[in-house]
Amino acid sequence: MNSDDASGGADGEDRPPMTAARYEDGSLTCPPHPVGPDGSEPVGEVDLSTHEADVVTWTTSHATPPGVREPNTLAIVEFDVDGTPVRALGQCTTDEVTVGDTVEPVYVPELRDPDAGIRERESQRWDGYRFRPVE
Amino acid sequence: MRDVAIVGASMTSFGVREGEWVMDLLAEAGRACIDDAGIGSDDIDHLYVSNMASGEFEGQTGIPNALAHDLGAIPAYTQRVDQTSSSGAAGIYAAWQSIASGASDLTLLVGGEKMTHRTTGESTDIIASLTHPVEYKQGVTLPSFAGLTARNYLDTHGAPREALGHVAVKNHANGALNPKAQFRKEIDLETALDSPMVADPLRLYDFCPVTDGSAALALVPAEHAESYAGEFARIAGIAGATDTHVVHERADPTHMGAVAESGSAAFEQSGFAHDDVDVAELHDMFTILEVMQLEALGFEATGEGWRAAMEGRTAREGELPVNTSGGLKSKGHPLGASGVAQAVEVYEQLVGEAGDRQVDADVGLTCNVGGFGNCVLTTLMEAGG
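Residue numbers (this note's numbering), protein chains in the order written: chain A, 28 to 162; chain C, -5 to 379.
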């Protein structure tokens, strides 16, 4: 696997990348999977945290589960990585978001309280990226 | 493969069943189905139990064996079937396989869930635990998927927000006639459109409730059906399919790929055309899902499904009555029971036992959705006898 194009984060600080996997047919997925849409294994990675994206759709959830902020504005966004689209879902930094907005990923150490929900804290990571509209 | 028939059906009242737990509900529906089919519990070869999360909801596991004991069905083979919200229809598939293959000559399927002792937030979290870790950590819930998708659908197809309200109004009108529905009240469009916002742009009346309940079916080889019941229903086609685990990876978020796949396969197996279907129960966990299923199943053109309820075509008096039971929206959605209860409604329509909800039907369809279209089963049933 070629991971030369994955970096340490939006500002070069010590934070994990927002990793998308690239597959043999050139397609990308975020998150990475053991096999891609074409059935092939990943051949590389891209750090999406250094890219901007456009909002495809959004919602504000007013009935959130234990450990999740309320309200919780979420968006599905689409990145354009050298002509290849890849979508991601994440929280927004503001409730003021509309379809077509350009956003950038912003690192958050803890997106929800890992001890409040049903899933085991140690079973997964809880940090990640929110989307902030670009002024 | 043998043809398979349904010769008995039952469901408990759906709603808040305070003081009753999952085993109570399963046993109530199971016993009622045994009585309805006129069978002996010791004649049951296979017993399937559709349930998503009894361990997570109330700390009760091992329910298939417990139910076999409670029903007096020992030593029947038994198995739990979990496919999240489509556990019910996945149970129908397992039960159908058991008869079709010759492994069983009499199979009882019971689906059920006990949920209302949990807060809405806790129930939502248990259900959301089916999501991918990258979704779960963002606080995604199934209702929030519905909000994201509804906005995308309305924007893409230029559909008015009122269209979804008409789905809620229709299904509440049907549920008002169902003595076992959780909500037995009609609502008007203004009530639906002015209700509290839950997941923008969707409001309270766009969502199904949290529900306790159970439903059951008795299945036998079709060649033996007349010895059990004068009126019965034949399973003409049944098929399941999956879509991506991560919802945002779907090429078109407004297209339910697994619905299309399972529907196409079930129609092909049945030999029926869309025009043959007289009644349908669709998985309206959220109003937008009824619209999207009408399109993915091929009853409505892409981007046009929102018109169906507005124009009355899916009303009881319409060309294709949809969710005559009240649907998940009004009848309620006890996860593991819902797919079974959909088939109970179609069975009752086909054998003429639907009471005030009765429509003229010889062929019916159910579509049961797990996750947000992650797992789907479509079933076609035909009146027999």
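Ideal placement from N, C-alpha and C gives every residue a C-beta, glycine not left out. A quick note: this is a predicted structure, and the numbers were derived from the prediction, not measured.
Worksheet item: Taking DSSP as the reference, what is the three-state secondary structure of C:M286?
Response: The count along the second sequence starts at 1 and reaches residue 286 of chain C at position 292. In the structure shown, C:M286 sits in a helix (DSSP, three-state: H, G or I).
* Name the residues in the segment 74 to 91 of chain A whose C-beta lies less than 9 Å from a C-beta of chain C; which are they? -> Only V83, T84, W85, T86, T87, S88, H89, A90, T91 from the segment 74 to 91 of chain A bring a Cβ to less than 9 Å from some Cβ of chain C.
* Would you check if there are 3 or more beta carbon pairs closer than 8 Å linking the segment 35 to 45 of chain C to the segment 262 to 274 of chain C? => Verdict: no, contact absent.
Let me see if you follow: with CB-CB separation under 8 Å, is C:Y130 close to chain A or not?
Looking up residue 130 of chain C in the second sequence gives position 136. True, the Cβ-Cβ gap to chain A drops below 8 Å.
message: Quick check on C:G34: does DSSP put it in helix, strand or coil?
response: Here residue 34 of chain C refers to the residue found at position 40 when the second sequence is read from its first residue. In the structure shown, C:G34 sits in coil (DSSP, three-state: anything other than H, G, I, E or B).
In terms of residue numbering, what span does the alpha helix (DSSP H) encompassing A:V113 cover?
-> Locating residue 113 of chain A in the first sequence gives position 86, where the first residue counts as 1. No alpha helix (DSSP H) holds A:V113; the beta strand (DSSP E) holding it covers 111 to 118.
Cβ pair C:V353, C:R310 closer than 8 Å: Along the second sequence, one-based indexing puts residue 353 of chain C at 359. Along the second sequence, one-based indexing puts residue 310 of chain C at 316. In this structure, the beta-carbon distance from C:V353 to C:R310 falls below 8 Å.
Exercise for the section: Consider the Cβ of A:V126: report whether some Cβ of chain C lies at a distance smaller than 8 Å. Expected result: Within the first sequence, the letter at position 99 stands for residue 126 of chain A. The C-beta of A:V126 comes closer than 8 Å to at least one C-beta of chain C.
Original post:
Counting only beta-carbon atoms, is C:E255 nearer than 8 Å to chain A?
Top reply: Against the second sequence, residue 255 of chain C aligns to sequence position 261. When Cβ-Cβ separations below 8 Å define contact, C:E255 makes no contact with chain A.
* Of the residues C:T238, C:L314, C:Y222, the one placed nearest A:G63, counting alpha carbons only -> In the first sequence, residue 63 of chain A corresponds to position 36, counting from 1. The candidate whose alpha carbon is nearest that of A:G63 is C:T238.
Inter-residue spacing [alpha-carbon to alpha-carbon] between C:G312 and A:E149 | Mapped onto the second sequence, residue 312 of chain C falls at position 318. Mapped onto the first sequence, residue 149 of chain A falls at position 122. Each residue's Cα considered, the two are about 53 Å apart.
(message) Excluding the 5 residues flanking C:D194 on each side, which residues of the same chain have their C-beta closer than 7 Å to its C-beta?
(response) Stepping through the second sequence from its first residue, residue 194 of chain C is reached at position 200. Excluding positions up to five away in sequence, the list reads G141.
(Q) Between A:A48 and chain C, is the shortest Cβ-Cβ distance under 8 Å, so that the two count as touching? (A) As a working mapping, residue 48 of chain A is identified with position 21 in the first sequence. So, not an interface residue.
Excluding the five sequence neighbours on either side, which residues of its own chain have a C-beta within less than 7 Å of the C-beta of C:I121, listed in chain order?
If you number the second sequence from 1, residue 121 of chain C lands on position 127. Answer for C:I121: L136, listed in chain order.
### Task
Select from the segment 107 to 139 of chain A all residues with a C-beta closer than 7 Å to any C-beta belonging to chain C, and list them in chain order.
Listed by position along the chain: R114, A115, L116, G117, Q118, V126, L138, R139.
A:D52 versus A:E68, A:V124, A:V130, A:D41, residue with shortest Cα-Cα distance = As a working note, residue 52 of chain A is residue 25 in the first sequence. Here the closest residue by C-alpha is A:E68.
Inset, instruction - Report the residue from C:F366, C:I232, C:A331, C:D149 whose alpha carbon sits nearest the alpha carbon of C:A23. - result: Counting from 1 along the second sequence, the entry for residue 23 of chain C is found at position 29. Of the candidates C:F366, C:I232, C:A331, C:D149, the one whose C-alpha sits nearest the C-alpha of C:A23 is C:A331.
Query raised in the report: Of the residues C:S123, C:L344, C:G105, C:F8, which one's Cα is nearest the Cα of C:Q178?
Result: In the second sequence, the residue the question calls residue 178 of chain C occupies position 184. Position check: residue 178 of chain C holds Arg in this sequence, whereas Gln was assumed. Of the residues C:S123, C:L344, C:G105, C:F8, the one whose Cα lies closest to the Cα of C:R178 is C:F8.
| Is it a yes or a no for the segment 84 to 100 of chain C touching the segment 338 to 351 of chain C, going by three-plus beta-carbon pairs under 8 Å? | Contact between the segment 84 to 100 of chain C and the segment 338 to 351 of chain C is absent, because fewer than three Cβ pairs lie under 8 Å.
Whole-angstrom Cβ separation of C:A227 and C:G320, contact assumed at under 8 Å? Locating residue 227 of chain C in the second sequence gives position 233, where the first residue counts as 1. Locating residue 320 of chain C in the second sequence gives position 326, where the first residue counts as 1. The pair is not a contact, with the Cβ atoms about 20 Å apart (cut-off 8 Å).
Is C:Q343 helix, strand or coil by DSSP? Here the question's residue 343 of chain C lines up with position 349 in the second sequence. When secondary structure is reduced to three states using DSSP, C:Q343 falls in the helix class.
Short check: CB of C:L211 to CB of C:C369, under 8 Å?
-> Reading the second sequence from its first residue, position 217 is the one you call residue 211 of chain C. Reading the second sequence from its first residue, position 375 is the one you call residue 369 of chain C. For C:L211 and C:C369, no; Cβs fall outside 8 Å.
**Message:** Let's see if you can read the secondary structure: which residues bound the beta strand (DSSP E) around A:V83?
**Reply:** Numbered from 1 along the first sequence, position 56 holds the residue referred to as residue 83 of chain A. For A:V83, the uninterrupted beta strand (DSSP E) segment begins and ends at 80 to 88.
- [ ] With 9 Å as the limit, tell me which residues of the segment 182 to 196 of chain C have their beta carbon closer than that to any beta carbon of chain A; keep them in chain order.
- [x] Residues are counted here when their Cβ sits less than 9 Å from a Cβ of chain A; for the segment 182 to 196 of chain C these are P190, M191, V192, A193, D194, P195, L196, given in chain order.
Q.
Helix, strand or coil for C:T281? Go by DSSP, reduced to three states.
A. Stepping through the second sequence from its first residue, residue 281 of chain C is reached at position 287. The three-state reading of DSSP puts C:T281 in helix, counting H, G and I together.
### Task
Please list the partners that C:D386 has in chain A, where partner means a Cβ-to-Cβ separation under 7 Å.
Residue 386 of chain C cannot be examined here, being either before or after the span of chain C that is shown, -5 to 379.
Can you give me the C-alpha to C-alpha distance between C:H151 and C:G326, rounded to a whole angstrom? Here residue 151 of chain C is taken as the residue at index 157 of the second sequence, counted from 1. Here residue 326 of chain C is taken as the residue at index 332 of the second sequence, counted from 1. Each residue's Cα considered, the two are about 29 Å apart.
Thinking C-beta only, is A:C119 closer than 8 Å to A:L101? Translated into the one-based positions of the first sequence, residue 101 of chain A becomes position 74. Translated into the one-based positions of the first sequence, residue 119 of chain A becomes position 92. Against a cut-off of 8 Å, the Cβ pair of A:C119 and A:L101 comes out as a contact.
Below 8 Å on the Cβ atoms is my contact criterion, and I expect C:H249 with C:N362 to pass it. Report the Cβ-Cβ distance as a whole number of Å.
Taking the first residue of the second sequence as position 1, residue 249 of chain C is located at position 255. Taking the first residue of the second sequence as position 1, residue 362 of chain C is located at position 368. Their Cβ separation, rounded to whole angstroms, is 18 Å, which puts C:H249 and C:N362 out of contact at 8 Å.
* To do: Note down the Cα distance separating C:A157 from A:R42, rounded to an integer number of angstroms.
  => Start at 1 with the first residue of the second sequence, and residue 157 of chain C comes out as number 163. Start at 1 with the first residue of the first sequence, and residue 42 of chain A comes out as number 15. If I take the Cα positions, the gap works out to 45 Å.
Name the one or two DSSP bridge partners that A:T46 has. Here residue 46 of chain A is taken as the residue at index 19 of the first sequence, counted from 1. BP columns for A:T46 point to A:D74.
Under 7 Å by beta carbon: chain C residues contacting A:G144:
Along the first sequence, one-based indexing puts residue 144 of chain A at 117. What A:G144 touches in chain C: D119.
Q. Who are the near neighbours of C:L359 in its chain, counting only those whose CB is closer than 6 Å to its CB and skipping five residues on each side?
A. The count along the second sequence starts at 1 and reaches residue 359 of chain C at position 365. The beta carbon of C:L359 sits closer than 6 Å to those of V271, A274, L374, all from its chain and outside the five residues before and after it, given in chain order.
Closer than 8 Å to chain C by CB, A:V62: One-based indexing of the first sequence puts residue 62 of chain A at position 35. False, the Cβ-Cβ gap to chain C never drops below 8 Å.
query: Closer than 8 Å, CB to CB, is A:R96 near chain C or not?
result: The residue labelled residue 96 of chain A in the question sits at position 69 within the first sequence. At least one chain C Cβ lies under 8 Å of A:R96.
Alpha-carbon to alpha-carbon, A:T77 and C:M46:
Locating residue 46 of chain C in the second sequence gives position 52, counting from the first residue. Locating residue 77 of chain A in the first sequence gives position 50, counting from the first residue. Going by C-alpha positions, C:M46 is about 40 Å away from A:T77.
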